[in-house]
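Have a look at the structure below, then the notes.
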Amino acid sequence: MASAAPERTVRDLTGLLNMAGHALSNRLAAALAEVGLTPRMQCVLVHALEEERTQIQLAALADLDKTTMVGTVDDLEKRGLAERRPSATDRRARIIAVTEAGRVAAEQGQRIVDEVHAEALGALPEQAREEFVAALSRLVESGRLVESGAEPGPKPVRRARLARN
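For the sequence shown, the residue numbers in my numbering are -2 to 162.
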């Protein structure tokens, strides 16, 4: 005999956010692919255009692990959209500089991102759109989704350094 399922008092928020996020991510990836970009590339280009940033700083902003970030920048360099350059302020650091072609691609990509987001929000009444985005922002920024004392987001996995003889 099957036992009764527990009564739900709240909608499955995790499931709803996961389904919405997955669908939106897939739609965005498909739209950006039409102009030869990935969401990762777009994110890195936009953040690199904001100010001089190192690869490590960009990885943190884009929530990418070190290996994924290296591959993303390699792809951007191969396409002539960005290049690694010495930092003007720290000679030990290398920054990711966006080329003119990269700036044009980032602008085109941002138009696509904005269109995809507007299309997704179009499912809501106009007044509810701003309220929805504000509510999601408050939820993320409140820190309630993060364990006490922990930083938001996953930490990149780092390999142990080998001892030199």
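Don't be surprised by glycine CBs; every beta carbon is placed ideally from N, CA and C. From a predicted model like this one, the values you see are computed outputs, not experimental measurements.
Residues near R37 in its chain [Cβ-Cβ closer than 6 Å; skip 5 each side]: Only T69 meet the Cβ criterion.
Distance between beta carbons of I93 and S84, contact taken as under 8 Å: Contact flag wrong, Cβ pair sits at about 10 Å.
query: Looking only at its own chain, which residues have a Cβ that is under 6 Å from the Cβ of T64, when we skip the five neighbours before and after it?
result: none
Extent of the continuous beta strand (DSSP E) to which A94 belongs: 91 to 95
- prompt: Taking Cβ to Cβ, would you say A103 is nearer than 7 Å to L25?
  reply: no
message: Here's a check: name, in chain order, each residue in its chain whose Cβ is nearer than 6 Å to the Cβ of V113, leaving out the five neighbours to either side.
response: R24, L25, A28
- prompt: How about M163 and Q54: do their beta carbons lie closer than 7 Å?
  reply: Absent from the model: residue 163. The displayed extent of the chain is -2 to 162, so no value can be given.
Counted within 10 angstroms of its Cβ, other Cβ atoms place V224 as buried (16 or more) or exposed: In the structure as shown, the chain starts at -2 and stops at 162, and residue 224 therefore has no counterpart that could be examined.
query: Under the three-state reduction of DSSP, which class applies to R135: helix, strand or coil?
result: helix
task: Starting from A45, trace the alpha helix (DSSP H) both ways and give me its first and last residue.
output: 36 to 47
- prompt: Beta-carbon separation of L200 and R126 under 7 Å?
  reply: With the chain represented from -2 up to 162, any question about residue 200 goes unanswered, as that position is not in the structure.
field: Option nearest E116 by Cα separation, candidates A(-1), L21, A45, R5
entry: L21
field: For E4, the three-state DSSP class (helix, strand or coil)
entry: coil
task: Label G99 either buried or exposed according to how many other C-beta atoms from any shown protein chain fall within 10 Å of its C-beta, with 16 as the threshold for buried.
output: buried
task: With a 10 Å radius around its C-beta and 16 neighbouring C-beta atoms as the bar for buried, classify L13 as buried or exposed.
output: exposed
query: Who are the near neighbours of A2 in its chain, counting only those whose CB is closer than 8 Å to its CB and skipping five residues on each side?
result: none
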